[in-house]
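Since the structure comes first, as structure tokens, the remarks are kept for the end.
In our numbering, the protein residues as written are 1 to 503.
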């Protein structure tokens, strides 16, 4: 009994010491913020599906820079000027990634991380520069890539027209999720793997399912707790699922990497131009064998980063665009009118955007209101610095909260309303609105921004050139979203009707 009592006393004292050191002593080292709960931090106080709402509430109380605990300390930057000061003016200092157990699962816990998204320092510089060079060589932002986007957009249109034809009516009720996913997914597959998939391909569908599950688990409460208290991971099924799916994705890319490597080795002309990102990377590995920053695991992680960043956000944005156009038929009608006036039935080109101000305003408003990455990907400081009057130590986790900017009432009056006109000036032309930063700013901004912008304009405009979208069975899609790394809408079906036959 005495021993048991001693153990209880010890545990009680350890708990009190933990609370004191974690939430009393440490809190004084950071900007003020909401009071965290033991072990959970501020998790239970955050609207996980709409975290920007919680951030805006705390911004009003604590100012544009405050600390939340997830369950470790994270400094939130919830103001555009503050974001520019940190990510642009002090770009090198705020370009790091936090030391994270969850981030390190697939990179063998290397201190500099791995891949493109979660690496830092020289490793990140090498991977990002190489990816940008390959994107440039393969025509991203140029006519070469635009032709591929138009090709896959046309395959999407033909698929949907077949659905209408098969229905025997002038309309069809359909789920756009998979058709749009195959369209956008094949664009990035073409770039990364040098291949495409037929609609309904089982390998593609399995891969998509793994991606969806991994992104959902990535910012779940169990995984965020594992990140702070790794010892509890063995008790949580979410951890095992996250690891299982993540390593399955890694094996998927390693299989394709091995196939590419065999093709290079057996090729009669070793100097052939690379066909895709993996090709280019492997040839670079062969050329610079002494540089350890180039290896197959890093290539697999890079490929996954490009695929996820290049597909998931674009697919989701397009799905949301259709939802908001169904909810706002007057807006859809104005886009149809602008398309008819400027394009008729001819092909859509990226250059057309300069005459399609209302369509571009709709895309901007969709990007603003859906807040595609509600949590953003945390940064970390690479050295000691000062921001907003606070001293910030090296290695501090930083969260750029773009959602708090997107719903700032001073920038966007009535921010919860869908109002594309807010992006047009009195003459009806697109405003230069610097506060809209769906691709981030600074050194960590999305390297696929040019590709994503071109995809969004060409694919959405082509869809609206050909179809009218309305509610299926009189029930509009839900505007509610699922919590996760990406703002994913609830599944929905809609009714499509052909507008014009392509010339």
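C-beta: ideal position from N, C-alpha, C; glycine also. Since this is a predicted model, take the numbers as computed values, not measurements.
(1) Between residue 401 and residue 77, what straight-line distance do the alpha-carbon atoms span, to the nearest angstrom?
(2) For residue 423, which residues of its own chain have a beta-carbon under 7 Å away from its beta-carbon, when the five flanking residues on both sides are left out?
(3) Please report the distance separating the alpha-carbon of residue 404 from that of residue 56.
(4) Can you give me the Cβ contacts of residue 314 inside the same chain, cut-off strictly under 7 Å, excluding the 5 residues immediately before and after it?
(5) If you draw a straight line from the C-alpha of residue 376 to the C-alpha of residue 438, how long is it?
(6) For the alpha helix (DSSP H) containing residue 183, name the first residue and the last one.
(7) For residue 137, is the classification buried or exposed, using 16 other Cβ atoms within 10 angstroms of its Cβ as the cut-off for buried?
(8) Which class does residue 346 belong to by DSSP, given the choice of helix, strand or coil?
(9) Have a look at residue 378 and residue 371 and give me their C-alpha separation to the nearest angstrom.
(10) For a quick check, are the C-beta atoms of residue 311 and residue 338 less than 8 Å apart?
(11) In whole angstroms, give me the CA-to-CA distance for residue 133 and residue 156.
(12) Considering Cα atoms alone, identify which of 343, 296, 277 and 285 is closest to residue 139.
(13) Could you check what DSSP says for residue 366 in three-state terms: helix, strand or coil?
(14) Here's the rule I'm using: 16 or more other beta-carbon atoms within 10 Å means buried, otherwise exposed. How should residue 330 be labelled?
(15) Residue 280 to residue 308, Cα distance in whole Å?
(16) Within 10 Å of its beta-carbon, does residue 273 have 16 or more other beta-carbons around it, so buried, or fewer, so exposed?
(17) What did DSSP end up calling residue 324 once you bin it into helix, strand or coil?
(18) Go ahead and pull the three-state DSSP assignment for residue 170.
(19) Apart from the five residues on each side of it in sequence, which residues of its chain come closer than 8 Å, Cβ to Cβ, to residue 458?
(20) Go ahead and pull the three-state DSSP assignment for residue 86.
(21) Excluding the 5 residues preceding and the 5 following residue 495 in the sequence, name in chain order all residues of the same chain whose CB lies nearer than 6 Å to its CB.
(22) Round the Cβ separation of residue 497 and residue 436 to the nearest angstrom and send it over; I've been treating them as touching at under 8 Å.
(23) Based on DSSP bridge pairs, tell me the residues matched to residue 249.
(24) Kindly indicate if chain D contains any beta-carbon less than 8 Å away from that of residue 400.
The structure says:
(1) Between residue 401 and residue 77, the C-alpha separation is close to 6 Å.
(2) Cβ neighbours of residue 423 beyond the five flanking positions: 361, 364, 365, 430, 431 and 433.
(3) Going from the Cα of residue 404 to the Cα of residue 56 covers about 6 Å.
(4) The answer, listed in chain order, is 184, 452, 455 and 456.
(5) The C-alpha of residue 438 is placed about 10 Å away from the C-alpha of residue 376.
(6) It spans 177 to 192 - the alpha helix (DSSP H) in which residue 183 sits, taken as one unbroken run.
(7) Residue burial is scored here from C-beta neighbours: residue 137 has fewer than 16 other C-beta atoms within 10 angstroms and is therefore classed as exposed.
(8) DSSP places residue 346 in the coil class of the three-state scheme, outside both helix and strand.
(9) Spanning the two alpha carbons is a distance of roughly 16 Å.
(10) Cβ atoms of residue 311 and residue 338: not closer than 8 Å.
(11) Cα to Cα, residue 133 sits roughly 29 Å from residue 156.
(12) Nearest to residue 139 by C-alpha distance, out of 343, 296, 277 and 285, is 277.
(13) In the structure shown, residue 366 sits in a helix (DSSP, three-state: H, G or I).
(14) The residue in question, residue 330, is exposed, as its Cβ has fewer than 16 Cβ neighbours within 10 Å.
(15) Straight through space, the alpha carbons of residue 308 and residue 280 are spaced by roughly 19 Å.
(16) Taking all protein chains in view, the Cβ of residue 273 is surrounded by fewer than 16 other Cβ atoms within 10 Å, so the residue is classified as exposed.
(17) The answer is helix: DSSP assigns residue 324 an H, G or I state.
(18) In the three-state reduction of the DSSP assignment, residue 170 falls in the coil class, being assigned neither a helical nor a strand state.
(19) Excluding sequence positions up to five before and after residue 458, its CB lies within less than 8 Å of the CB of 146, 149, 150, 153, 348, 349 and 350, all in the same chain and listed in chain order.
(20) Here residue 86 sits in helix by DSSP.
(21) Contacts found: 171, 173, 470 and 472.
(22) A Cβ-Cβ distance of about 32 Å is found for the pair residue 497 and residue 436, leaving them out of contact under the 8 Å criterion.
(23) According to DSSP, which records beta bridges pairwise, residue 249 is partnered with nothing at all.
(24) Of the protein chains in this structure there is only one, and it is not chain D.
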